[in-house]
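Quick note: the sequence shown, position 239, residue 239 per the UniProt record's numbering, numbers continuous.
Backbone N, C-alpha and C define an ideal beta-carbon position, used for all residues, glycine too.
Computed from a predicted structure; not experimentally measured.
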Amino acid sequence: MERKSLVSIEQADQTAAHGLAGASVLQVVPALLDDATGRAAFDLAMASLRAGSRALVASGPGPLVGELQASGGEWSRLDFSKSGMMARRRNVQALEEVIRNERIAVMHAYGTIAAACAIGAGKRAKIPVVTSYHQHPNGEIVRGDPQAQGDRVIAPSQYSADIIARQHNIDPQKIVVIPPMVDTYWFDPAYVTHDRVAAVRDSWRVRPEARVVLLPGRLVESEGHFELVDAVRILLNGGMRGVVFVIAGDAGTESDYLAALEHQITVQGVAPIIRLVGRSGDMAAAYLASDVVVLPSDRADVFSARAAEAQAMGCPVVITDVGANAELIDASDTHNRTGWLTAPHDSISLARGIAGAISLDARARQQLAGNAREFTLGRFSPEHVTGATLAVYEQLLQGSR
């Protein structure tokens, strides 16, 4: 199935559409690859076009360049692979030329090198610059990072926004929380066939009547596999039956970790109901084939695509309360619930969360599935993310007039 851009004129932010009409918007991107950053830049370019503005991208080459140009966007080739002073000076001069020749009204930069060049060119040309922190490891932000020097800084979560404001001593009002987008067309239960789901469950060796708890992700220590194995033992001791636990991820070079995990599974006596299946090639079907997605990682991440994708498929999420995770689900004990928060490194807490999710009756499960889909569309869909970003552009343009 081909993935498609979801940005539509009907769903675009109408206020931003008015304010951006006729403006030239330049995105500065390391490369137009078919990855999270490249796809975000492409979808924003399409949203800019539909809002009535020109959409230009300055970047290294990539597979999305042709798609951008065929859709009405414009592309300038720049090399952001080198961080030296000479390379930076050349890129600043090249961006200044684009700004001058194309009458750029606002720039949006992604990544440290691209942001440094855009900030330099923007100051000289006296136009506003937006910078995006797409992610950073475990809250570690480099001091002096140009990504924190934009006129507006887009952070992927409030958790990361607080860190950025604190470490860079900048006005929190300059920071706008806009999470990364999730492809809610690809991750849509309405477009995943029964045959795809059946194929996934067959590959997992799961009987049709069995319920499935899925832990997707690489086989590394931070993902919480050992806590899950211990939680499975707790649940079995408590009388849980008819549930299979699927660990879907590659070990890569972590062969010692895989061996230790297999040993723990054997020691706990839970091997008959745990499947180590490797990485799934169809995650949309994998989420739909599962009754619960569990993410017991202890990493303080700024965003979890897996949590958002699972909810887009209507699947309950059980996730540790670290980093930005509390922002990614609704764990309130109300009819709006989409998941459960658990304590890190706590198999008892994890077992309780799984028990709460797996024990839902059909009506409650249907309610939660609808909540989860609605929650994702209202926060992580391309329509929401691009609309919020266009509104940032418009706000800056209004302030510069």
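- Taken through DSSP and simplified to helix, strand or coil, residue 21 comes out as coil.
- In the DSSP assignment, residue 27 is bridged to 57 and 108.
- Residue 253 sits exposed, since fewer than 16 C-beta atoms from the chains shown fall within 10 Å of its C-beta.
- CA-CA distance, residue 340 to residue 213, rounds to 14 Å.
- Going by beta carbons, residue 314 and residue 355 fall outside the 8 Å limit.
- A contact between stretches requires three or more CB pairs, one per stretch, nearer than 8 Å, and the segment 26 to 35 meets this requirement with the segment 45 to 60.
- Take residue 250, set aside five residues on each side of it, and the residues of its chain with a beta-carbon closer than 8 Å to its own are 218, 219, 278 and 279, in chain order.
- Taking the Cα positions, residue 381 is about 21 Å away from residue 318.
- With respect to the 8 Å criterion, residue 297 and residue 222 are classified as neighbours on the basis of their beta carbons.
- For residue 304, there is no enclosing beta strand (DSSP E), as DSSP marks it with neither H nor E.
- Non-local C-beta neighbours of residue 216 in its own chain, meaning closer than 6 Å and more than five positions away in sequence, comprise 248 and 306, ordered along the chain.
- Contact check for residue 131 against residue 106 fails: the beta carbons are separated by 8 Å or more.
- Here residue 157 has 177, 179, 302, 303, 324 and 327 as same chain residues with Cβ atoms under 7 Å from its own Cβ, once five neighbours each way along the sequence are excluded.
- Within the DSSP secondary-structure output, residue 245 pairs in a beta bridge with 213 and 274.
- Using a Cβ-Cβ distance cut-off of 8 Å, the segment 67 to 78 and the segment 36 to 48 are in contact, since at least three pairs of beta carbons, one from each stretch, lie closer than that value.
- DSSP, read as helix, strand or coil, puts residue 343 in coil.
- Residue 236 carries a helical assignment under DSSP once its states are collapsed to helix, strand and coil.
- Taken through DSSP and simplified to helix, strand or coil, residue 113 comes out as helix.
- The distance from the Cβ of residue 227 to that of residue 345 is about 6 Å, consistent with a contact at the 8 Å cut-off.
- For residue 164, same chain residues with a beta-carbon under 8 Å away, outside a window of 5 residues either side, are 133, 141, 148, 153, 155, 170 and 175 in chain order.
- DSSP places residue 102 inside the alpha helix (DSSP H), whose first and last residues are 85 to 102.
- In the DSSP annotation of this structure, the continuous segment of the alpha helix (DSSP H) that includes residue 44 starts and ends at 36 to 50.
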